[in-house]
Amino acid sequence: MSRAIKVLPVLLKEDKEYVCVMRLHGDVDDASLRKVVNMFKGPIYQRPPLRSAVKRALRVRRIYDIRILERDGRNVLLQVWCEAGTYMRKLCHDIGEILGVGAHMQELRRIRSGSLDEDHYLATLHDVVDAFFFWKEHKLEEPLRQSFIPVEYTIQHIPKVVIRDSAVDAICHGAPLTVPGILQVENGIKVRDTVAIMTLKGELVALGEAVMRSEQMLTAKKGIAVKTKAVIMEPGTYPSMWKKKKKSGAGAGI
Amino acid sequence: MEKYLKGTEKREIFIKDEEDTNPDYGWKPEERPIEVYLKYVAINLDKPVGPSSHEIVAWLRRLLGIEKVAHAGTLEGC
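Sequence order for the protein chains is A and B. For the first sequence, the residue numbers in my numbering are 10 to 263. For the second sequence, the residue numbers in my numbering are 4 to 81.
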């Protein structure tokens, strides 16, 4: 919400996990069902359904894993871990086609999206309404702090670069992150990966696109390490060393 | 059986340089004063079956009086 809204484009691309009930339209034995379900692991073609928010062109989506949790006759409980933009309704339909009996999706629950799963910080609408009321009417902050989680919790799975206090405000103004501003780097960052630029206090400053690999960020002496894409932190939260320096020359105090 | 199909990834942090952070600026996310805290929040919402994500967002907007409410991903048409 508010400034946190800027993380959305990144969150929308996160992998998801679903549990869904697939209803078969005919009788199928366990072995055939298992075999066909397993065929859907890996990259699959999907055409977005008629009622969808995107262009209905055939596209490839990756199913990282899929398993049958339970089965009761024609009702099959599936768990699917997939790339963003995979349609579960379509998946169930397509499994039914391959089985030769037809199938449709009966029920769906998303159990994880990126780093948010249904076992941590989950809030119901009732929680949110109550928390807001307690705060408005009774100045109670705790319930509000439980229902509303810091934006940082939503990007836990994104690789991080931790920067100096003195580098923060320039990033808040959209400047790219240069190597001298870096204090810590998570391993495994590749060029063009989305990275989170963090303060030493664990605050998300901005999301950006890596221009260097982790190793380069650690060994290089200068150069742009991350292009800033979405600024989350409000400018002015940290002092602007860079502005002062520009005005009175390098070496002038704060 | 693990509940989630995706396993936990182990990532390492490498220290390039050591420095302190000035306590006069910024806050640990959990320690932000409530007015600031609310600028940087998300809800991991246990959405009820029935209303669409769009309807929930519109409803929360009215309730909270915050314009900037959005949702990350809908289940409709999936």
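From the three backbone atoms N, C-alpha and C, an ideal C-beta is built for every residue, glycine too.
For W90 (chain A), the uninterrupted beta strand (DSSP E) run begins and ends at 84-91, by DSSP. The count of Cβ pairs closer than 8 Å, one atom from the region 143-152 of chain A and one from the region 25-33 of chain B, stays below three, leaving the stretches out of contact.
Contact between the region 181-196 of chain A and the region 153-166 of chain A is absent: fewer than three C-beta pairs spanning the two stretches fall below 8 Å. Around the beta carbon of Q88 (chain A), 16 or more other beta carbons lie within 10 angstroms, which makes this residue buried. According to DSSP, residue pairing for F17 (chain B) in a beta bridge involves A:V194. Residue state for V46 (chain A) is assigned as helix, using DSSP reduced to three classes. Using a Cβ-Cβ cut-off of 8 Å, L42 (chain A) does not count as an interface residue toward chain B, since no Cβ of chain B sits closer than that to its own. Secondary structure at L125 (chain A): strand, using DSSP grouped into helix, strand and coil. Below 8 Å, enough C-beta pairs join the region 78-87 of chain A and the region 26-35 of chain A to call them touching: three or more. For I191 (chain A), the closest Cβ of chain B is nearer than 8 Å. Where A61 (chain B) is concerned, the enclosing alpha helix (DSSP H) starts and stops at 56-67.
DSSP, read as helix, strand or coil, puts R98 (chain A) in helix.
Only residues of its own chain outside the window of five on either side were considered, and among them V30, R32 have a CB closer than 6 Å to the CB of Q115 (chain A), listed in chain order.
Closer than 9 Å at the C-beta level to chain A, one finds these residues of the region 12-32 of chain B: E12, R14, E15, I16, F17, I18, K19, D20, E21, E22, D23, T24, N25, P26, D27, Y28, G29, W30, K31, P32. Around the beta-carbon of D178 (chain A), 16 or more other beta-carbon atoms lie within 10 Å, marking it buried. K210 (chain A) places its beta carbon 8 Å or farther from that of R121 (chain A). Secondary structure at V240 (chain A): strand, using DSSP grouped into helix, strand and coil. Secondary structure remark: continuous alpha helix (DSSP H) runs of at least 4 residues inside the region 121-183 of chain A, in chain order: 134-147, 151-156, 174-181. At a C-beta separation below 8 Å, Q88 (chain A) has these neighbours in chain B: L8. Residue contact check for V44 (chain B) against chain A: a CB pair falls below 8 Å. Rounded to whole angstroms, L108 (chain A) and V52 (chain B) show a C-alpha spacing of 29 Å. With fewer than 16 other Cβ atoms inside 10 Å of its own Cβ, V200 (chain A) counts as exposed. A Cβ-Cβ contact shorter than 8 Å links A239 (chain A) with V16 (chain A). At least one C-beta of chain A is nearer than 8 Å to the C-beta of A73 (chain B).
Take the alpha-carbon of V69 (chain A) and the one of E34 (chain B): they are about 43 Å apart.
Rounded to the nearest whole angstrom, the C-alpha separation of S56 (chain B) and S61 (chain A) is 14 Å. The DSSP-derived three-state label of P185 (chain A) is coil. Per the coordinates, the alpha-carbon of L134 (chain A) lies some 29 Å from the alpha-carbon of T11 (chain B).
Within a 10 Å sphere around the beta-carbon of K169 (chain A) sit 16 or more other beta-carbons, which makes this residue buried. In summary, the residues of the region 204-225 of chain A whose CB is separated from some CB of chain B by less than 8 Å are T208, L209, K210, G211, E212, L213, S223, in the order they occur in the chain. When the alpha-carbon of I167 (chain A) is set against those of A:M226, A:L20, A:G94, the nearest one is in A:L20.
Going by DSSP, I206 (chain A) is part of no alpha helix (DSSP H) but of the beta strand (DSSP E) stretching over 203-207. The beta carbon of V60 (chain B) sits closer than 8 Å to the beta carbons of V72, A73, H74 from its chain, once the five residues preceding and following it are set aside; these are given in chain order. Taking the Cα positions, D49 (chain B) is about 11 Å away from S156 (chain A).
For K42 (chain B), the secondary structure class from DSSP, reduced to helix, strand or coil, is helix. Contact annotation, L216 (chain A) with I37 (chain B): C-beta distance approximately 25 Å; criterion of less than 8 Å not satisfied.
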